[in-house]
Amino acid sequence: MFIHSFMNFVKEHGRQKIMSCEGKEQEMSERHLLEPAYLGDSAVALPAVQARLSQHWKEFVCGGGSAFCNILISYPMNKLIFRQMMHGVETTFALHQLQKEGLGFLYRGMLPPLMQRSLSMSLMFGVYDECLQPMLERQVNPLIAKTCAGMVAGAFEATLMPFERIQTLLIHPKFHNKFKNTADAASHIAKHYGIKEFYRGLIPIMFRNGPSNAMFFIIRDAVRDRMPVQEKALYQGLQNFLAGASIGALLSTLFYPLNVIKIAMQCELGGPHRTIIYEFKYILRKRGSKFTNFYHGALLNISRAFLSWGIINASYEVLRKFFYT
1 MFIHSFMNFV KEHGRQKIMS CEGKEQEMSE RHLLEPAYLG DSAVALPAVQ ARLSQHWKEF
61 VCGGGSAFCN ILISYPMNKL IFRQMMHGVE TTFALHQLQK EGLGFLYRGM LPPLMQRSLS
121 MSLMFGVYDE CLQPMLERQV NPLIAKTCAG MVAGAFEATL MPFERIQTLL IHPKFHNKFK
181 NTADAASHIA KHYGIKEFYR GLIPIMFRNG PSNAMFFIIR DAVRDRMPVQ EKALYQGLQN
241 FLAGASIGAL LSTLFYPLNV IKIAMQCELG GPHRTIIYEF KYILRKRGSK FTNFYHGALL
301 NISRAFLSWG IINASYEVLR KFFYT
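Its first residue numbered 1, the sequence shown is counted upward by one per residue in UniProt numbering.
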């Protein structure tokens, strides 16, 4: 009886030991399979994908920060150009208007463009990168990929046009006594006209944003590839400033008539939403049926765009170097 019980104990103990050994072997085998030598290409690529995803927020920050620097410096010049676009007057006359109104009104209306441009540039650079990288990974033609990414980024930027709309009203002299500030103008529009009024002038903005974004990135990358490598930070900054300034001045001049049409639309508060064709013909007739009259203020606009895009591109590269190194 005792011997029989002892034999059963030995058998059971041996079975448990064997099962324990098998479990350990299986665990070791599973761990072994997770070693780098046994991982497939997709698993090896996972850290690279995760690293790329973790970098995307930096593009948004770099774009927004560059616009913030730009607005603080260039806002007075933007206001002067706006007056020329709105009234079709010479630079000296528009400057006299601003001097007559005084310093108190010079920075009036700056908050909407400061917010709008910072968010807009953040979307421009961030969304562009988000769209571009997956297409390049799928070996889409770089030119097509950059064009599509630029168009998508431009469409996202257009969602911020209520800031641009309110800025136009705050800058216009006839609304100086009507609206106290950005919040007052926004609440008045929302209460009396509805959400649609915030998007008056959307079509010319869509026609401007998408193509200009695509062209900017395509030309910028082509110029960057051909620029000599500078060792000194000062020369790098100057080179980036001149590259961005030249591209910005070119594109701003090319799309200047669309800005004139957009401002003409947004200077109205209430009433019918006219088409871009109607507004184009109306402005053309009002300015003596000469297309060249659309370019009143274009010379100063070139100077403004040269300065603005120079600051944006140089600031972007400085911020990018800070975040990526």
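Built from N, CA and C at the ideal position, the CB exists for glycine as well.
- Message: Using C-beta distances below 6 Å, list every residue in its chain close to ARG165, excluding the 5 sequence neighbours before and after it, in chain order.
- Response: Around ARG165: PHE198, GLN266.
- Residues near MET77 by beta carbon distance below 6 Å, same chain, minus five either side: ARG304, listed in sequence order.
- Message: Excluding the 5 residues flanking ALA298 on each side, which residues of the same chain have their C-beta closer than 8 Å to its C-beta?
- Response: The beta carbon of ALA298 lies closer than 8 Å to those of THR253, TYR256 in the same chain, with the five residues before and after it left out.
- Query: By Cβ distance, which residues of its chain are closer than 8 Å to MET227, with the 5 residues on each side in sequence left out?
  - Reply: Same-chain partners within the cutoff: GLN239, ALA243.
- Message: Since LEU169 and LEU269 should fall inside the 8 Å C-beta cutoff, what is the C-beta to C-beta distance between them, to a whole number of angstroms?
- Response: Right, the Cβ-Cβ distance comes to about 7 Å (below 8 Å), so this counts as a contact.
- Could you say which of ASP221, GLN236, MET161, GLY310 lies nearest to MET115 if we only look at CA atoms? Here the closest residue by C-alpha is MET161.
- Can you tell me which of the three DSSP states PRO76 falls into? Three-state DSSP puts PRO76 in a helix.
- Query: Taking DSSP as the reference, what is the three-state secondary structure of PHE306?
  - Reply: DSSP places PHE306 in helix when its eight states are reduced to three.
- Item | Complete runs of the alpha helix (DSSP H) confined to the region 79-159 [at least 4 residues] | As far as the region 79-159 is concerned, its whole alpha helix (DSSP H) runs of at least 4 residues are 91-101, 111-137, 142-158.
- Message: Could you compute how far the alpha carbon of GLN99 sits from the alpha carbon of GLU231?
- Response: When rounded, the distance between both Cα atoms is 44 Å.
- Task: Under 8 Å Cβ to Cβ from residue 329, same chain only, skipping five residues before and after it: list those, please.
- Result: Given that the chain is displayed from residue 1 to residue 325, the structure contains no residue 329 and the question cannot be resolved.
- Task: Tell me whether LYS290 sits in a helix, a strand or coil according to DSSP, three-state version.
- Result: Reduced to three states, the DSSP call for LYS290 is coil.
- Might you give, ordered along the chain, the residues of its own chain that have their beta carbon closer than 6 Å to the beta carbon of GLN167, omitting 5 neighbours on each side? Answer for GLN167: GLY109, PRO112, PRO113, listed in chain order.
- Message: Rounding to the nearest angstrom, what Cα-Cα distance links SER118 and LEU307 in this structure?
- Response: The alpha-carbon of SER118 is positioned some 16 Å away from that of LEU307.
- Task: Alpha carbon to alpha carbon, how far is GLN133 from PHE323? Give it in angstroms, no decimals.
- Result: Each residue's Cα considered, the two are about 18 Å apart.
- Message: Measuring straight from C-alpha to C-alpha, what distance separates SER66 and ILE73?
- Response: Going from the Cα of SER66 to the Cα of ILE73 covers about 11 Å.
- Task: Counting only the same chain and skipping the five closest in sequence on each side, list residues whose C-beta sits under 7 Å from that of GLU59.
- Result: Excluding positions up to five away in sequence, the list reads PHE125, GLY126, ASP129.
- Task: Locate the alpha helix (DSSP H) running through ASN259, then write down its first and last residues.
- Result: Judged by DSSP secondary structure, ASN259 falls within the alpha helix (DSSP H) whose first and last residues are 256-266.
- How about ILE311 and CYS148: do their beta carbons lie closer than 9 Å? No, Cβ-Cβ distance for ILE311 and CYS148 is not below 9 Å.
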